[in-house]
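Heads up: the structure comes next, in structure tokens.
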């Protein structure tokens, strides 16, 4: 959601250099300000733009950069409440009976109106639809029986939004809260900004709506405040920011400043990369609440942030990426049909570019790194082999630190153990390349090999097209070499 804000106040990074090593030696975030780009999401439509995938520099060669992870709104609300941030009354439930119990408990506290929210890690839930035909992932209810009915319609179903793709994401929990009638809705976020080298607070008087639209149409309504890692919060500046959000009166201004300070404490102590509240609303009694929450955290700090990391819901993630992470593989799933297995982020990007230039579509980004072993190579092939969209696999290895013969052994092991049937095109160059070719030749396995990347990409695209046509016609194909 905050991507559009970059148009309003400059380039927004999703992360700065991980502080894990430094904190483990007793050095706090405030004493370290150098920035480093972390890996962000990559889409097949933009794979030719290298800026969409930001590499990680200065890491040990056997450590793969990770993605930021986020948690469900229900968990984010509880986490904020533990820091003293005011939120609406409510709780989450995993069954319709549980949702009814939450609603009845709220009713006993005098609540008359309720909100039921599907807990799915995607934006646009309110405008989404479930695969069972039920419309909307956020519903307002006037009695407890409606809460139970809404939960029944949502739980166990897949919610499709503008961010999920047509397959949607599973809804295994719902959040049931009191409905607060608001007289003012605003926007507030804390994120990391590459240009400023640290956290930035972003606020707007226009909340409860698409903040990207606000940034695009009325950028003057977006306000930002950089936080000094050395000096900490400037409360005079916070008061000014709260006033710009539409809270000029002393009492409401003090409430908002207190919320900002507590959210920043949460941001700093949990290694968060994003806290977004939309809306931060004022009820008719004048009290200010955080009524929605999106929290992202730095995976690299997972070793010291067990509590938040354990809130991660892997059912909301691409199962291919989850499996890759277990083997310490740097993998991002895409929508194409040519699986890529490459060593080095730059070479992986170039490989995808060449595939695109030859009319193909990459199915993934997969960087083995420089320290991969045979088991990791085998695991990488298993992920590609299990991907139903992959029609052909292109292996592009430049042997520097990563030896070509290790890759060859992994390929042979994968084909043998997994019964790999998908055609493989291999381009190897560099360290131990002759030994690798010998291993492949002596294996007796039928694989396409070449020394030229352009030729390798052309062959992969050609093979994938043939395989796709055969699959659509419910035919099996066998390739004779050379093609």
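Numbering (our numbering), first residue to last: 774 to 1256. Backbone N, C-alpha and C fix where the C-beta goes; we use that ideal spot for every residue, glycine too.
Less than 8 angstroms between the beta carbons of residue 886 and residue 931, yes or no?
On the chain shown, residue 886 is found 113 positions in, with the first residue counted as 1. On the chain shown, residue 931 is found 158 positions in, with the first residue counted as 1. 8 angstroms or more divides the Cβ of residue 886 from the Cβ of residue 931.
Check your understanding: Looking at the structure shown, is residue 892 part of a helix, part of a strand, or coil, going by DSSP?
Key -> For the purposes of this step, residue 892 is identified with residue 119 of the chain shown, where counting begins at 1. Reduced to three states, the DSSP call for residue 892 is coil.
Worksheet item: Any idea if residue 1124 is buried or exposed, counting beta-carbon neighbours within 10 angstroms, 16 or more meaning buried?
Response: Taking the first residue of the chain shown as 1, we reach residue 1124 at position 351. Buried: at least 16 other Cβ atoms inside 10 Å.
Complete runs of the alpha helix (DSSP H) confined to the stretch 1134-1164 [at least 4 residues]:
Segments of the alpha helix (DSSP H) lying fully in the stretch 1134-1164: 1147-1159.
From this set, 986, 1034, 1116, 1018, which residue's C-alpha is nearest residue 1174's C-alpha? Start at 1 with the first residue of the chain shown, and residue 1174 comes out as number 401. Proximity to residue 1174 across 986, 1034, 1116, 1018 peaks at 1116, based on C-alpha coordinates.
Exercise. Hey, quick one: how far does the alpha helix (DSSP H) through residue 1241 stretch, first residue to last?
Worked result: The sequence position of residue 1241 within the chain shown is 468, counting from 1. Here the alpha helix (DSSP H) through residue 1241 covers 1226-1245.
* Less than 8 angstroms separating the beta-carbons of residue 901 and residue 910? -> Residue numbering aside, residue 901 sits at position 128 when the chain shown is read from its first letter. Residue numbering aside, residue 910 sits at position 137 when the chain shown is read from its first letter. Contact flag set, yes.
**Prompt:** Can the beta-carbon of residue 955 be found less than 8 angstroms from the beta-carbon of residue 1055?
**Reply:** Locating residue 955 in the chain shown gives position 182, where the first residue counts as 1. Locating residue 1055 in the chain shown gives position 282, where the first residue counts as 1. With respect to residue 1055, residue 955 sits close: the two C-beta atoms are nearer than 8 angstroms.
* Asked: Would you say the stretch 1078-1092 touches the stretch 853-860, given that touching needs at least three Cβ pairs under 8 angstroms?
  -> Because the criterion of three Cβ pairs below 8 angstroms is not met, the stretch 1078-1092 and the stretch 853-860 do not touch.
Exercise for review: May I ask you to list the residues that DSSP assigns as paired with residue 1269?
Suggested key: Nothing about residue 1269 can be read from this structure; the chain reaches only from 774 to 1256.
*Hey, residue 995 and residue 986: beta-carbon distance below 8 angstroms or not?*
Position 222 of the chain shown, counted from the start, is the residue given in the question as residue 995. Position 213 of the chain shown, counted from the start, is the residue given in the question as residue 986. Taking 8 angstroms as the cut-off, the Cβ atoms of residue 995 and residue 986 do not count as close.
message = Assuming contact is defined by CB atoms lying nearer than 8 angstroms, are residue 1137 and residue 1104 in contact in what I supplied?
response = Taking the chain shown and counting its residues from 1, one reaches residue 1137 at position 364. Taking the chain shown and counting its residues from 1, one reaches residue 1104 at position 331. Less than 8 angstroms separates the beta-carbon of residue 1137 from that of residue 1104.
Q) Are the stretch 956-963 and the stretch 931-941 touching by the rule of at least three beta carbon pairs closer than 8 angstroms? A) Put simply, the stretch 956-963 does not touch the stretch 931-941. Fewer than three CB pairs are less than 8 angstroms apart.
Is the distance from the Cβ of residue 1167 to the Cβ of residue 1233 below 8 angstroms? As a working note, residue 1167 is residue 394 in the chain shown. As a working note, residue 1233 is residue 460 in the chain shown. Cβ atoms of residue 1167 and residue 1233: closer than 8 angstroms.
How is residue 944 classed by DSSP in three states: helix, strand or coil? Against the chain shown, residue 944 aligns to sequence position 171. Of the three classes helix, strand and coil, the one that applies to residue 944 here is coil, per DSSP.
- Query: Is there contact here, the stretch 1183-1200 with the stretch 1056-1071, by at least three beta-carbon pairs under 8 angstroms?
  - Reply: Cβ pair count under 8 angstroms is below three, so no.
- Message: Between the alpha carbons of residue 1043 and residue 848, how many angstroms are there, rounded?
- Response: By 1-based counting over the chain shown, the position of residue 1043 is 270. By 1-based counting over the chain shown, the position of residue 848 is 75. Each residue's alpha carbon lies about 14 angstroms from the other.
Check: How about residue 1127 and residue 1179: do their beta carbons lie closer than 8 angstroms?
Finding: Translated into the one-based positions of the chain shown, residue 1127 becomes position 354. Translated into the one-based positions of the chain shown, residue 1179 becomes position 406. No, the pair does not count as a contact, with Cβ atoms beyond the cut-off.
Measure how close the beta-carbons of residue 876 and residue 949 come, nearest whole angstrom, since I'm counting them as under 8 angstroms.
Counting from one through the chain shown, the residue named residue 876 turns up at place 103. Counting from one through the chain shown, the residue named residue 949 turns up at place 176. That belief holds up - the Cβ atoms of residue 876 and residue 949 are roughly 6 angstroms apart, short of 8 angstroms.
Here's the rule: buried if 16 or more other CB atoms are within 10 angstroms of the residue's CB, otherwise exposed. What is residue 845? One-based indexing of the chain shown puts residue 845 at position 72. Per the 10 Å Cβ criterion, buried.
Excluding the 5 residues preceding and the 5 following residue 1245 in the sequence, name in chain order all residues of the same chain whose CB lies nearer than 6 angstroms to its CB.
Locating residue 1245 in the chain shown gives position 472, where the first residue counts as 1. When the five nearest sequence neighbours on each side are left out, no beta carbon in the same chain lies closer than 6 angstroms to the beta carbon of residue 1245.
Contacting residues, own chain, Cβ-Cβ under 7 angstroms from residue 997 (five flanking each side not counted):
Indexing the chain shown from 1 puts residue 997 at position 224. If the five residues before and after residue 997 are omitted, its C-beta is found closer than 7 angstroms to the C-beta atoms of 782, 973, 974, 975, all from its own chain and listed in chain order.
| said: Taking the alpha carbon of residue 1152 as the reference point, which residue from 1057, 1202, 1139, 1033 has its own alpha carbon closest? | reply: Along the chain shown, one-based indexing puts residue 1152 at 379. Of the listed residues, the one whose Cα sits closest to residue 1152 is 1139.
task = Give the straight-line distance between the Cα atoms of residue 971 and residue 1005, rounded to the nearest whole angstrom.
result = Taking the first residue of the chain shown as position 1, residue 971 is located at position 198. Taking the first residue of the chain shown as position 1, residue 1005 is located at position 232. Within the model, the alpha-carbon separation for residue 971 versus residue 1005 is close to 11 angstroms.
- Query: Does DSSP put residue 988 in a helix, in a strand, or in coil?
  - Reply: Numbered from 1 along the chain shown, position 215 holds the residue referred to as residue 988. Helix, per DSSP.
**Prompt:** Would you say residue 1165 and residue 1209 are within 8 angstroms of each other, going by their C-beta atoms?
**Reply:** The residue given as residue 1165 occupies position 392 in the chain shown. The residue given as residue 1209 occupies position 436 in the chain shown. Residue 1165 places its beta carbon 8 angstroms or farther from that of residue 1209.
Cutting at 7 angstroms between CB atoms, please list the residues of its own chain near residue 1217, excluding the five before and the five after it. Taking the first residue of the chain shown as position 1, residue 1217 is located at position 444. Once the five neighbours on either side are set aside, residue 1217 has no close Cβ partner at all.
To the nearest angstrom, report how far apart residue 1023 and residue 899 are at their CA atoms. Taking the chain shown and counting its residues from 1, the one referred to as residue 1023 is at position 250. Taking the chain shown and counting its residues from 1, the one referred to as residue 899 is at position 126. Near 34 angstroms, if we compare the C-alpha coordinates of residue 899 and residue 1023.
* Asked: How would you write the range of the alpha helix (DSSP H) that residue 1093 sits in, first residue to last?
  -> As a position in the chain shown, residue 1093 is number 320, starting the count at 1. Taken as a continuous stretch (DSSP letters only), the alpha helix (DSSP H) holding residue 1093 covers 1092-1099.
Requested in this report: Can you say whether residue 1280 is buried or exposed, counting buried as having 16 or more other CB atoms within 10 angstroms of its CB?
Outcome: The requested residue 1280 does not occur in the structure, where the chain is confined to residues 774 to 1256.
Original post:
So what's residue 1170 in DSSP terms, helix, strand or just coil?
Top reply: Here residue 1170 refers to the residue found at position 397 when the chain shown is read from its first residue. Reduced to three states, the DSSP call for residue 1170 is strand.
Task: For residue 1011 and residue 1033, believed in contact at Cβ under 8 angstroms, the rounded distance - done: Translated into positions along the chain shown, residue 1033 becomes position 260. Translated into positions along the chain shown, residue 1011 becomes position 238. Right, the Cβ-Cβ distance comes to about 5 angstroms (below 8 angstroms), so this counts as a contact.
Original post:
Of all the alpha helix (DSSP H) runs that stay within the bounds of the stretch 1024-1105, which reach a length of 4 or more residues?
Top reply: Counting only runs that start and end inside the stretch 1024-1105, the alpha helix (DSSP H) elements of at least 4 residues fall at 1079-1082, 1092-1099.
Let me make sure I understand the geometry here. Which of 1169, 945, 1163 has the alpha-carbon closest to that of residue 1122?
If you number the chain shown from 1, residue 1122 lands on position 349. It is 1169 whose Cα lies nearest to the Cα of residue 1122.
Nearest by alpha-carbon distance to residue 1064: which of 1163, 917, 957 is it?
Within the chain shown, numbered from 1, the residue matching residue 1064 stands at position 291. The shortest Cα separation from residue 1064 among 1163, 917, 957 belongs to 957.
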